[in-house]
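As structure tokens, the structure follows; a few thoughts come after it.
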Amino acid sequence: MADEDKILSNPCLLSSIRSFNGENADEFFTVLENSVLLGNWSEIQLAAITTLKLEGRARRFFEASLKGKNLGYQPLKARLVAQFSKPVNFASNFTQFDCPLKE
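Using numbering that gives the first Met the number 0, the letters of the sequence shown map in sequence onto residues 0 to 102.
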């Protein structure tokens with residue numbers, strides 16, 4: 000680990016990132032990635048922050064499936080998004096599209 004990866008710049012930004020419990024993966028990663036520019040964080044730091052912010056179902060999934068695999072940020076994000084993103088249900092989307100809104 001490089002020296003710049005050991006010291007977290009702007010740690011106060013961590014409080015603006017809500018914990019991830021398996022809900023709203025897109026929102027969690029959007030906030031996290033928007034904080035990167037302000038925090039000047041590295042990919043290694045992003046992976047560590049992601050892991051620190053896991054709780055509930057997301058923490059249990061990590062502990063059971065990913066802990067000890069030393070994943071970088073992008074692979075970690077991909078695994079979490081794949082696990083917790085809601086599957087697109089074509090039939091449900093079609094019925095929403097097909098039914099006119101009542102005014």
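Even for Gly, the Cβ is constructed at its ideal location relative to N, Cα and C.
(message) Could you compute how far the alpha carbon of L70 sits from the alpha carbon of F61?
(response) Residue numbering aside, residue 70 sits at position 71 when the sequence shown is read from its first letter. Residue numbering aside, residue 61 sits at position 62 when the sequence shown is read from its first letter. A straight line joining the alpha-carbon of L70 with that of F61 spans about 11 Å.
(message) So for L65, helix, strand or coil by DSSP?
(response) As a first step, residue 65 must be located in the sequence shown, where it is residue number 66. The answer is helix: DSSP assigns L65 an H, G or I state.
(message) Residues in the same chain with beta-carbon distance under 7 Å from G21, minus the five sequence neighbours each way, listed in chain order, please.
(response) Counting from 1 along the sequence shown, the entry for residue 21 is found at position 22. Correct list, in chain order: G55, R56, A57, F83.
(request) Run through the stretch 5–65 for me and flag every whole alpha helix (DSSP H) of 4 or more residues, listed as ranges in chain order. (result) Listed in chain order, the complete alpha helix (DSSP H) runs (minimum 4 residues) inside the stretch 5–65 are 24–38, 42–51, 55–60.
(request) Could you give the DSSP three-state label for L70: helix, strand or coil? (result) Here residue 70 is taken as the residue at index 71 of the sequence shown, counted from 1. Correct three-state label for L70: coil.
(message) Let me confirm a value: T49 is counted as buried when at least 16 other C-beta atoms fall within 10 Å, else exposed. Which label applies?
(response) Against the sequence shown, residue 49 aligns to sequence position 50. Burial call: buried.
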